[in-house]
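Notes follow once the structure below has been shown.
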Amino acid sequence: MTDFEDLRALLHGRTPLFDAPEGVPQAAVALLIAEFERRRELLLIRRAERAGDPWSGHMALPGGRREAHDPDLFDTALRETAEEVGVDLRRALHLGGLDDLRPVTAPARVVVRPFVFAMSGRPDLALSDEVARVVWAPLDELARSRSTTEVFHQGALRTMPCYRVGEDIVWGMTQRILEPFVEGWRVRNARSES
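In the working numbering, the protein residues as written are 20 to 213.
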């Protein structure tokens with residue numbers, strides 16, 4: 020089993036900024052990185068098309084809203100990941116967290132807290148009806164794929180930063196969550212290659 024020192028180094032000494040004002044709904048997502056065929060891969064989901072879901076059909080991370088019975092947002096990430104993709108993150112290595120974020124363009128008021136996990140090998144998945152499909156995105160390729168895309172969103176054509184994973188485009192909230200982590204990975208690899 021790997022010790023994931025490379026991933027630990029990205030989060031070492033980092034204290035996530037928490038920004039969850041009282042009364043604002045909270046959610047949590049999981050960045051699950053698997054070591055597969057000697058590379059690091061991030062689990063992304065394509066959300067199913069659902070009426071009333073502002074992120075319907077988007078590439079995303081497993082996660083969702085905190086429920087009243089969730090002791091904290093960490094438990095929300097565990098529960099939502101188990102529900103959406105069938106992965107028990109209690110069997111993964113918890114590496115840390117990233118800063119809380121809020122959507123900038125979506126009408127939903129919510130604060131999202133990202134947690135980072137790692138495991139050896141790709142786990143078996145059991146997709147819920149909220150998930151259309153999954154993609155395992157190699158971190159090296161994700162780090163090289165930063166680009167922009169034109170998105171028709173809320174009645175206007177917008178140019179948005181994105182990551183490209185094959186034919187899939189990761190933009191919006193998910194891109195913003197991933198950016199500090201993926202950029203850290205890119206910089207780390209650039210240093211090790213020089």
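Note that CB positions come from ideal geometry on N, CA and C, so glycine has one too.
Bear in mind the structure is a predicted one, so any value in this text is a computation, not a measurement.
Ranking 38, 52, 178, 142 by CA distance to the CA of residue 156 puts 52 first. Nearest C-alpha to residue 83 among 40, 47, 169: 47. Beta-bridge partners assigned by DSSP to residue 166: 181. With a threshold of 16 other beta carbon atoms within 10 Å, residue 32 falls short and is exposed.
Residue 110 has its alpha-carbon roughly 30 Å from the corresponding atom of residue 72. Of the residues assessed, residue 91 falls on the exposed side of the cut-off, its CB having fewer than 16 other CB atoms within 10 angstroms.
In the DSSP assignment, residue 204 falls within the alpha helix (DSSP H) that extends over 191 to 212. Contact between residue 67 and residue 149 holds, with the beta-carbon distance rounding to 6 Å and staying under 8 Å.
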